[in-house]
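First residue of the sequence shown? That's 1 in the UniProt record's numbering, and the numbers climb one at a time after it.
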Amino acid sequence: MKKIVTGLLTLGIVGGMTINTASAAVMGDDYPTTLKKAAPDSMVDSWTMYNRECVSFVAWRLHAQNHFELPVGFGSAWQWGSQAKSKGYRVDNTPSVGSVAWFGAGHVSWVAEVSGDNVVIEEYNYNYNHNYYRRTVNRREVSGFIHFKDLGTKAATANTTPKQTTQNKKIAIGSNVRFSGVYQVNVVNIAKNSVASDKLSGGKSTTLNLIDAVPLDETNASGIKAGNQVLTVGEYFKINGTYRVLAIDKPSNGMKVKIGAYETWLDINQATAV
């Protein structure tokens, strides 16, 4: 078999500088309903974090607002600072919108607003009740700010299931399309030798979004072919070839194509007509 997938997961358990002013709309509790309504620690999210923990909320917010997928391997919150540094991300004492406020005692939050030394943060499980909180802290109370992919000065309003709303008008039923992006594996189905990517799915992946792994190439995050060609959650891939559009669902910006052995629904905005 050219490509195989494996489902092995590591579950996440749950001074003297000038500060500019930056603002963003506070998003509120946009945590996905399925994770929010379930009992705490009863589900595992796409980033292998237990639901309603601070780490799960921040991973979600980075996905929904920053369009950044947290690499697999970030575990308990107290480890995030050292883990981020080891992976090459900047960790300092300068807050910015979209950065992660990391507390060494074991907590992380998402930075929504910055005004001088005051920082508005959004978070889950601040008081150990697994609920949403918004509060203002002094930046000196924070152990460090992790800069995965900051938003600059403004954040847009998030949808619970983020989708691009502009459909690629050049693509129609019968069109041939290709996918030029680099995608991260969020779901693995060993029985069907298939994977799914939330970016390709246009939101949280389901069984409707599974892709046959055979035509895929495992790559690094830059799209260069790499690895042992055994896809696991958190790794990256590219889709080879061109595919015929079988159906289109305009309300969801979805299109159905057949990749390898399976028909699958993907985000039309990830495709280019050829």
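Every residue gets a Cβ at the ideal spot worked out from N, C-alpha and C, and that includes glycine. Predicted, not measured: the structure shown is a model, and the values here were computed from it.
Assuming His-107 is part of the alpha helix (DSSP H), what are its boundary residues?
Taking the sequence shown and counting its residues from 1, one reaches residue 107 at position 107. Where His-107 is concerned, there is no enclosing alpha helix (DSSP H), although the beta strand (DSSP E) it sits in stretches over 107-115.
For the alpha helix (DSSP H) containing Arg-61, name the first residue and the last one.
Here residue 61 refers to the residue found at position 61 of the sequence shown. Counting along the chain, the alpha helix (DSSP H) containing Arg-61 begins and ends at 54-64.
Determine, using beta carbons only, whether Leu-208 and Ser-194 come nearer to each other than 8 Å.
Position 208 of the sequence shown, counting from 1, holds the residue named residue 208. Position 194 of the sequence shown, counting from 1, holds the residue named residue 194. No.
Give me, in chain order, the residues of the same chain whose beta-carbon lies closer than 8 Å to that of Asn-262; leave out the 5 immediate sequence neighbours on both sides.
Looking up residue 262 in the sequence shown gives position 262. Asn is not the amino acid found at residue 262; the sequence shown has Tyr there. So the qualifying residues of the chain are Lys-192, Ser-194, Leu-210, Ile-211, Asp-212.
Assuming Gln-248 and Ile-173 are in contact, meaning their beta carbons sit under 8 Å apart, how far apart are those beta carbons, in whole angstroms?
Translated into the one-based positions of the sequence shown, residue 248 becomes position 248. Translated into the one-based positions of the sequence shown, residue 173 becomes position 173. Per the sequence shown, the amino acid found at residue 248 is Ile instead of Gln. Sure, about 6 Å apart at Cβ, within 8 Å.
I'd like the list of long-range same chain contacts for Ser-175, defined as Cβ closer than 7 Å, with 5 residues on each side in sequence excluded.
Here residue 175 refers to the residue found at position 175 when the sequence shown is read from its first residue. Once the five neighbours on either side are set aside, the close Cβ partners of Ser-175 are Val-245, Ala-273.
In this structure, does DSSP put Glu-218 in helix, strand or coil?
The residue given as residue 218 occupies position 218 in the sequence shown. Reduced to three states, the DSSP call for Glu-218 is strand.
Taking the alpha-carbon of Phe-179 as reference, which of Asp-30, Gln-79, Ile-239 has the nearest alpha-carbon?
As a position in the sequence shown, residue 179 is number 179, starting the count at 1. Of Asp-30, Gln-79, Ile-239, the residue nearest in Cα terms is Ile-239.
State whether the region 136-144 contacts the region 40-49, with contact taken as three or more CB pairs (one from each stretch) at a distance under 8 Å.
no
Would you tell me roughly how many angstroms separate the C-alpha atoms of Ile-146 and Val-119, rounded to the nearest one?
Taking the first residue of the sequence shown as position 1, residue 146 is located at position 146. Taking the first residue of the sequence shown as position 1, residue 119 is located at position 119. If I take the Cα positions, the gap works out to 14 Å.
With distances taken from CA atoms, which of Val-26, Phe-148, Ile-259 is nearest Val-114?
Within the sequence shown, the letter at position 114 stands for residue 114. It is Val-26.
Can you tell me the Cα-Cα spacing of Ile-121 and Gly-260, whole angstroms?
Counting from one through the sequence shown, the residue named residue 121 turns up at place 121. Counting from one through the sequence shown, the residue named residue 260 turns up at place 260. Ile-121 and Gly-260: Cα-Cα distance of roughly 44 Å.
Can the beta-carbon of Val-108 be found less than 8 Å from the beta-carbon of Ser-99?
Numbered from 1 along the sequence shown, position 108 holds the residue referred to as residue 108. Numbered from 1 along the sequence shown, position 99 holds the residue referred to as residue 99. The answer is no: Cβ separation not under 8 Å.
Between Gly-254 and the rest of its own chain, which residues show a CB-CB distance below 8 Å, the 5 nearest in sequence each way excluded?
Within the sequence shown, numbered from 1, the residue matching residue 254 stands at position 254. Within the same chain, Gly-254 has close Cβ partners Gly-202, Ile-248, Trp-265, Leu-266, Asp-267, Ile-268.
So within the region 65-148, which uninterrupted beta strand (DSSP E) runs reach at least 3 residues, ignoring any that extend past its ends?
90-92, 100-103, 107-115, 118-124, 132-138, 144-147
If we define contact as Cβ-Cβ less than 8 Å, is Gly-73 a contact residue for chain D?
Here chain D cannot be found, since the structure has a single protein chain.
Confirm, please, whether the CB-CB distance from Val-72 to Gly-81 is below 8 Å.
Counting from 1 along the sequence shown, the entry for residue 81 is found at position 81. Counting from 1 along the sequence shown, the entry for residue 72 is found at position 72. Not a contact, by the Cβ cut-off of 8 Å.
Go ahead and pull the three-state DSSP assignment for Ile-190.
Counting from 1 along the sequence shown, the entry for residue 190 is found at position 190. Coil, per DSSP.
Alpha carbon to alpha carbon, what distance is there between Thr-33 and Asp-198?
Locating residue 198 in the sequence shown gives position 198, where the first residue counts as 1. Locating residue 33 in the sequence shown gives position 33, where the first residue counts as 1. So the two alpha carbons sit approximately 17 Å from each other.
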